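To convert, note that position 86 of the sequence shown is 325 in our numbering; the numbers rise steadily by one, no gaps.
We treat Cβ as the ideally placed atom computed from N, Cα and C, and that holds for glycine.
It should be emphasised that the depicted structure is a prediction, and the values quoted were computed from it without experimental measurement.
Remarks on the structure that follows.
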Amino acid sequence: QVQLVESGGGLVQTGGSLRLSCAVSGSSSGVADMGWYRQRSGKGRELVAAVTSSNNAKYIDSVKGRFTISRENGKNTIYLQMNSVVPEDTAVYFCNSVPPQILGSWGQGTQVTVSS
């Protein structure tokens, strides 16, 4: 049983920064690619950043140059450093495998709210 626990969200002003963390426990060995997803109000969940086991990262265009995803394999932890945030970044953020069907479950996410 895999458990994903996201933390680090909160209320931040436009232009500010947040660092999200995701602790992965349980049967998660062998998962090569991990990612951060977000779900904005009234919209579907989207993958915003992904990282391989060797810390190669990819981002959607809207967060490139502002967000940085990283992982500590020894700690089974995934991070998302969010800089220069904008109101459009307001969402619930989740971590999971890429694609999410590999781990097959979701955590409760962490809310990020960016005020203008």
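Beta-carbon proximity of residue i to residue j, cut-off 8 Å
i      : j      : result
Thr349 : Val331 : yes
Ser309 : Val290 : yes
Trp275 : Leu250 : no
Residue i - DSSP class collapsed to helix/strand/coil
i      : result
Lys297 : strand
Gly274 : strand
Gly249 : strand
Ser355 : coil
Ile241 : Looking at the sequence shown, residue 241 is not Ile but Val. Coil.
Ser264 : strand
8 Å contact criterion, which residue i and residue j should meet: CB distance rounded
i      : j      : result
Glu245 : Cys261 : 5 Å
Asn312 : Val263 : Rounded, the Cβ-Cβ distance is 10 Å, inconsistent with contact.
Outcome for residue i when other beta-carbon atoms lying within 10 angstroms are tallied against a minimum of 16
i      : result
Ala271 : exposed
Arg277 : buried
Continuous beta strand (DSSP E) assignments of at least 3 residues falling wholly in the region 281 to 348 | 284 to 290, 296 to 298, 306 to 311, 316 to 321 and 330 to 336
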